[in-house]
Each structure stands twice: as C-alpha cells, then as structure tokens.
Amino acid sequence: MHIQTGIETNQLIAAGPAVADMQVVDIVLTSDAHGAFVWGVLDRLLDEPALSFGNITGSGFGAAEAAVLAYGLALGGRHGARTALTNFWRRVSHASMFNAANPLRSILEQSIDIAEIRKTGCPVSLSIQASNSRTDALKTFASDQLSIEAILAAATIPFLFPAVEIDGDTYWGHGDASTLPLVQPFETGHRLIVTGKESLSMTPCADRRLAASPCSMMCTPIHFIFDSQHRAASALFTRPWTDWGELTDMRDRGRQRAEDWLLADHLFQDERPTANTENRYI
C-alpha cells in the first residue's frame, strides 16, 4: 500500500523557509553504501528546514531508496518522505524473514508509484544507474525511462542474480563508485555523495589536476559522508534475517553522521573552487 499522508506539496521538499533561502543539494547514493545507513542520512537531512533536494542519483540498493525518497516527497513533502522510507524498511525487514525468490519487486510495488515520480511536477529529479550486463557500460535511467525494472536492475547483484531485461537489453548493478559521472559546473547548489568508504579514484571535477592547483572554473561544491563502520557489502535478501533493531541501529548511525556533517557547517560555506570545497566526513 502506498503512503497516504494528506499533505500537499507545491515546490521542492515541503514547507519551511522561503525557497530563495534554501540551500539546494544534489544527492548521490552509491552502490557500496549500506542501505539502512543511507536511510538514516536521508532521514536527518529531511529534518533540516533550510535544505532542499535538487537531483537524486541512486545506484545499487540506493536506487530503491532514492525512488522511495522521490515518491514520498512528491506525495507528502518531508513528512511523506520520512514515512515512505520507514514503511519501505519495515517491508524489507518483514520480507527478509521469508524465502521469497525476489522480494524487492513486491516491496517496490507496495512502496512507490513510478508514475508519480515521472510526472513533470515531481519536486525532485531522479536518476537510476545500472550497468549493461553484456558491455559493462553504465546506463542512467531518468525521466520517462524510469521504471520498477530499472530500479531492480540497479539493485541486482552481478552474477549472483539474473540481469533484468529492459527494452531488449539486460542490466544489473555496478559496484564501482568511481564510475559516477563527473560533476559539471552548476550555477548554485552542492552535491552530497553518501558512500560506504572513501575511494581514491573519486574525482569531483573533470578539470581537477593531480597537483592541488585551483580549478579553472567554479564547480559544484562536493561533500562526502562515509560510514565509519563500513564492511564489505553483503547484499540484502542474501541473509536469512534482517532484524529491525539492527536496521534502526544503522539508521541512527547514519542520522548521527549527517547531524555531525551539518553541524560542521559544510552546507552553508561560501562556494570556492573545487580544490577547496571537497569536504569529506566520516
């Protein structure tokens, strides 16, 4: 059952400060970030009245959370998004107790309406990333290409589960955060990447040199939140049990990381060349 909040939302992510006073943040959820940790980060960011989400990009299991977040925002603003994420994770915990062949499809069908996300009036722009199982080429599904199949493909573990067929080709998840698209210059806003662990191959700007020289153009400030207790990713639904208490513990850890990041004032610093605005927080 989809969320029914009774809350109407006109712009961005809901009531709060005037839109002109908000700081816009693009969110990237990488494939190696544990889902419940990501849930906590998003849950805390939704509490921040001076923040609004612009573009949301998801890969791995983060693609499902990105879609649930976008759907919740579309239907009920901040409260709707928090409710949608909580309901989604309750379904995940419940489904993990049973030996269903592919519970994620059923969970997604109960948690979102893809048509709402694809509407031009959706308050955020959603992109889902998956890899072509034949060529390994990264594919971004956005706008009218968004579908339950695209989300399932992004969350599919290569070689462990069959690739998902979309428009005559097959796709599954990718595990390399370094394949995320290079950030292009934006007029305003920040980009926050939520990931499992820091990768030396992450390059936030195409013009970034090996030396610490300033970028030749003003780029979107880049921020990272890492899970300090990251462990080798063990995919959900491959474990016999996903305890609700364990999930909420990871959620609370994610909330605390996001809280610490916000308290460090990363979000509201003046924009500077990328060499000075790449902020990492563990």
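Going by the working numbering, the sequence shown opens with residue 4, and the numbers climb by one from there. Cβ coordinates follow ideal geometry from the N, Cα and C atoms, glycine included.
Exposure label - residue i; buried when at least 16 CB within 10 Å
i    : result
E152 : buried
A156 : buried
F101 : exposed
Q187 : Per-residue confidence for Q187 stands at a pLDDT of 44, beneath the threshold of 50, marking its modelled position as unreliable; the derived number appears in the next sentence. Exposed.
T143 : exposed
L266 : exposed
D246 : exposed
E249 : exposed
S181 : Only weak support is given to the placement of S181: the predicted model assigns it a pLDDT of 45, under 50, and the question is left unresolved by the model.
S96  : buried
E112 : exposed
S146 : exposed
Nearest to residue i (by Cα), restricted to the options the options
i    : options               : result
E201 : Q26, S34, M100        : S34
H177 : L266, Q232, G61       : G61
Q259 : E249, S231, Q113, T89 : S231
T138 : Q132, T173, W42       : T173
A118 : Q148, S136, A53       : Q148
R81  : S96, S55, W92         : S55
L78  : L32, C125, H37, A98   : C125
S134 : L49, I169, V41        : I169
Where the beta strand (DSSP E) through residue i begins and ends
i    : result
A140 : Premise fails: A140 is in no beta strand (DSSP E) and is neither H nor E.
L32  : 26 to 32
D172 : 172 to 175
E51  : Note, E51: premise wrong, no beta strand (DSSP E); not H, not E.
Residues sharing a beta bridge with residue i, DSSP
i    : result
L155 : DSSP output for L155 lists no bridge partner at all.
A145 : S130
Delimiting residues of the alpha helix (DSSP H) encompassing residue i
i    : result
T251 : 247 to 266
Any non-hydrogen atom of the ligand FAD within 7 Å of residue i CB
i   : result
A98 : The ligand FAD is not part of the structure shown, which contains no ligands of any sort.
I'd like the ranges of any beta strand (DSSP E) spanning at least 3 consecutive residues and lying wholly in the stretch 53 to 139.
54 to 62, 128 to 135
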